[in-house]
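Enquirer: Please see the structure below; I have some questions.
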Ligand SMILES: NC(=O)c1ccc[n+]([C@@H]2O[C@H](COP(=O)([O-])OP(=O)(O)OC[C@H]3O[C@@H](n4cnc5c(N)ncnc54)[C@H](O)[C@@H]3O)[C@@H](O)[C@H]2O)c1
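Numbering (our numbering), first residue to last: 6 to 450.
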């Protein structure tokens with residue numbers, strides 16, 4: 006499923022034509038490969054005011070072999086990390102502008118702009134809250150101005166959450182976050198285990214992936230296995246053959262199970278306990294659509310979507326929490342929501358309601374998970390290129406895939422990389438968050 010327009014726009018003739026006509030030129034995004042360096046060129050670490058995270062950032066980058074000297078003037082920058090935790094009020098935002106403007110001019114392909122700040126809600130004064138919130142508008146706008154596959158994101162780091170920064174920092178700088186753009190992530194204080202192997206962070210983990218027989222679920226299974234996990238691939242019995250193929254290809258285990266069956270949760274819990282002695286990661290990816298305008302929506306369509314997309318996630322998660330010792334310490338739950346759950350979508354009242362419900366679910370469960378040393382988060386994909394989108398009429402597909410800052414659709418692997426990152430032990434300080442994998446889609450922005 007190649008992107009014909011992107012390939013054309015990057016060809017010799019296509020470059021000339023798109024330039025002359027002022028047409029968009031979507032970049033070929035830098036995506037993660039095991040063993041790949043975190044960044045391809047030098048990074049620049051700066052601070053507006055007194056940045057308390059500057060040393061932590063430089064340390065993480067240096068450990069990953071990144072030059073943090075900002076390079077020479079004629080070198081392209083691979084990343085700019087700006088520590089804005091020291092902002093004391095709106096006047097200091099000028100320092101952010103002063104630092105970012107020349108750096109952005111020097112960015113190379115698929116470069117990263119990452120701003121670190123404290124959460125506005127924690128600000129001791131109104132002026133500080135205003136200045137911190139201002140960064141969100143700034144970063145989201147920079148993300149829209151960047152070209153050539155570069156992204157900009159904002160990470161809010163409360164004063165007690167410094168230890169949680171390394172894993173999000175590596176994610177946002179790496180090719181794993183290729184299609185995550187214009188996002189704001191808020192960290193929380195957490196005990197972060199030391200020493201994840203950046204190339205095999207899930208070694209020794211048992212990860213359940215639902216809806217794994219095809220599409221995004223199969224990509225999640227592949228990425229989790231590549232990162233070292235033993236994958237338990239779950240899908241409906243009717244998808245048994247393709248499910249077995251996916252499970253075999255990743256050296257995992259196939260479990261044929263309809264997740265809407267009344268005893269699905271307890272059955273899964275028993276199997277995981279008996280075969281694997283418990284589990285570490287659950288990815289609720291199984292989902293269906295039954296689109297109709299609300300006025301034409303029958304109860305069957307409504308109920309089917311709610312049952313698979315929301316109720317099954319609630320019931321299975323509850324069953325795993327209830328089953329003594331099945332969810333191991335440091336467990337990770339990641340739910341697949343959707344941009345429709347944030348922006349709404351014509352013809353998808355049932356689907357959008359179920360996907361918004363998932364966001365409510367992870368936010369409500371986050372404190373209980375934190376108390377267990379675990380996390381629960383949601384990932385909300387935007388336009389992802391799959392077999393399904395390949396069958397859309399050309400016009401609908403072209404508009405749907407281009408209305409984002411990266412001017413292209415994402416790939417299943419982009420969703421999978423984000424989920425695998427949230428599943429890492431090092432991501433302990435990311436909890437109750439919704440990470441959009443949408444290239445900064447204009448929908449629901
Ligand atoms: N494709 C996109 O652009 C996109 C965008 C946003 C969100 N999503 C979400 O991502 C997830 C995966 O989407 P996809 O495009 O790969 O879909 P898909 O239809 O290709 O795969 C979904 C899988 O879930 C399985 N499934 C459905 N009901 C089940 C049940 N009761 N029990 C067990 N398994 C069941 C299906 O058999 C299928 O293998 C879904 O939750 C979807 O809503 C997709």
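Where is the CB? At the ideal position from N, CA and C, for every residue including glycine. These figures come from a predicted structure and were not determined experimentally.
1. Looking only at its chain, what residues have a beta carbon closer than 6 Å to the beta carbon of residue 21, apart from the 5 residues adjacent to it on each side?
2. Leaving out five residues before and five after residue 406 in sequence, what residues of the same chain have Cβ atoms less than 8 Å from its Cβ?
3. For residue 211, which residues of its own chain have a beta-carbon under 6 Å away from its beta-carbon, when the five flanking residues on both sides are left out?
4. Within 6 Å: the Cβ of residue 343 and any heavy atom of ligand 1?
5. Restricting to Cα atoms, I'd like to know which of 264, 92, 51, 56 is closest to residue 75.
6. Determine the contact status of residue 233 and residue 290, defining contact as a CB-CB distance below 7 Å.
7. Would you kindly check if the distance between the Cβ of residue 53 and the Cβ of residue 100 is under 7 Å?
8. Alpha helix (DSSP H) containing residue 372: first to last residue?
9. State the DSSP-derived secondary structure class of residue 113, mapped to helix, strand or coil.
10. Reducing DSSP to helix, strand and coil, say where residue 12 ends up.
11. In the segment 263 to 314, which residue ranges form an unbroken beta strand (DSSP E) of at least 3 residues, counting only runs that do not cross its ends?
12. Under 8 Å, with one C-beta from each stretch per pair, do the segment 172 to 191 and the segment 248 to 265 reach the 3-pair mark?
13. With a 10 Å radius around its C-beta and 16 neighbouring C-beta atoms as the bar for buried, classify residue 170 as buried or exposed.
14. Between residue 118 and residue 155, which are expected to be in contact by the criterion C-beta below 8 Å, what is the C-beta distance as a whole number of angstroms?
15. What do you get for residue 396, buried or exposed, if any count of 16 or more other CB atoms within 10 angstroms of its CB means buried?
16. For ligand 1, any of its heavy atoms closer than 6 Å to the Cβ of residue 424?
17. Count the other CB atoms within 10 Å of the CB of residue 115; is the residue buried (16 or more) or exposed (fewer)?
18. Would residue 381 pass as a contact of residue 313 if the rule is Cβ separation under 7 Å?
19. From 161, 35, 439, 293, pick the residue whose C-alpha is nearest to that of residue 383; which is it?
20. Tell me whether residue 203 sits in a helix, a strand or coil according to DSSP, three-state version.
21. Does DSSP classify residue 35 as helix, strand or coil?
22. What residue range does the beta strand (DSSP E) around residue 337 cover?
23. With a threshold of 6 Å (Cβ to nearest heavy atom), would residue 240 be considered close to ligand 1?
24. Output needed for residue 403: all residues of its chain with C-beta closer than 8 Å, excluding positions within five of it in sequence on either side, in chain order.
25. Hey, could you find the ends of the alpha helix (DSSP H) residue 172 is sitting in?
26. With H, G and I counted as helix, E and B as strand and the rest as coil, what does DSSP make of residue 163?
27. On a Cα-Cα basis, can you pick out the residue from 428, 424, 326, 95 that is closest to residue 209?
28. Which full runs of the beta strand (DSSP E) of 3+ residues lie inside the segment 72 to 104, going along the chain?
29. For the beta strand (DSSP E) that contains residue 386, what are its first and last residues?
30. DSSP three-state label for residue 158, please.
31. May I ask which residues mark the beginning and end of the beta strand (DSSP E) holding residue 51?
32. I'd like to know if residue 44 contacts chain C, where contact means its C-beta is closer than 7 Å to some C-beta of that chain.
33. What would DSSP say about residue 137, mapped onto helix, strand or coil?
34. May I have the straight-line CA-CA distance separating residue 308 from residue 423, to the nearest angstrom?
35. Over what stretch of residues does the beta strand (DSSP E) that includes residue 441 continue unbroken?
36. Would you kindly work out how many angstroms separate the C-alpha atoms of residue 108 and residue 224, rounded to a whole number?
Expert: Taking the structure as given:
1. No residues qualify anywhere along the chain.
2. Excluding residues within five positions, the ones whose Cβ falls inside 8 Å are 8, 388, 390, 394, 413, 414.
3. Same-chain partners within the cutoff: 235, 281, 284, 285.
4. At least one heavy atom of ligand 1 lies less than 6 Å from the C-beta of residue 343.
5. When each option's Cα is compared against that of residue 75, the closest is 51.
6. Contact annotation: residue 233 and residue 290 have beta-carbon atoms that are not nearer than 7 Å.
7. Yes, Cβ-Cβ distance for residue 100 and residue 53 is below 7 Å.
8. 354 to 376 is the extent of the alpha helix (DSSP H) around residue 372.
9. Note: residue 113 maps to strand in three-state DSSP.
10. Of the three classes helix, strand and coil, the one that applies to residue 12 here is helix, per DSSP.
11. Counting only runs that start and end inside the segment 263 to 314, the beta strand (DSSP E) elements of at least 3 residues fall at 284 to 289.
12. Touching, no.
13. So residue 170 ends up on the buried side.
14. That pair is a contact at about 7 Å.
15. Classification of residue 396: exposed, given that the 10 Å Cβ count is below 16.
16. No, the Cβ of residue 424 stays beyond 6 Å of every heavy atom of ligand 1.
17. Result: buried.
18. Residue 313 sits away from residue 381, with the two beta carbons spaced by 7 Å or more.
19. Here the closest residue by C-alpha is 439.
20. Three-state result, residue 203: coil.
21. If DSSP states are grouped into helix, strand and coil, residue 35 belongs with coil.
22. Per DSSP, residue 337 belongs to the beta strand (DSSP E) from 332 to 341.
23. True, at least one ligand heavy atom lies under 6 Å from that Cβ.
24. Answer for residue 403: 10, listed in chain order.
25. Per DSSP, the continuous alpha helix (DSSP H) segment holding residue 172 begins and ends at 171 to 178.
26. Coil, per DSSP.
27. The shortest C-alpha separation from residue 209 is found at 428.
28. Listed in chain order, the complete beta strand (DSSP E) runs (minimum 3 residues) inside the segment 72 to 104 are 82 to 88.
29. Residue 386 -> beta strand (DSSP E) spans 380 to 386.
30. If DSSP states are grouped into helix, strand and coil, residue 158 belongs with the strands.
31. Per DSSP, residue 51 is one residue of the beta strand (DSSP E) stretching across 48 to 52.
32. Here chain C cannot be found, since the structure has a single protein chain.
33. Residue state, collapsed to three classes: helix.
34. Separation of residue 308 and residue 423 (C-alpha to C-alpha, rounded to the nearest whole angstrom) is 29 Å.
35. Per DSSP, residue 441 belongs to the beta strand (DSSP E) from 439 to 442.
36. Going by C-alpha positions, residue 108 is about 35 Å away from residue 224.
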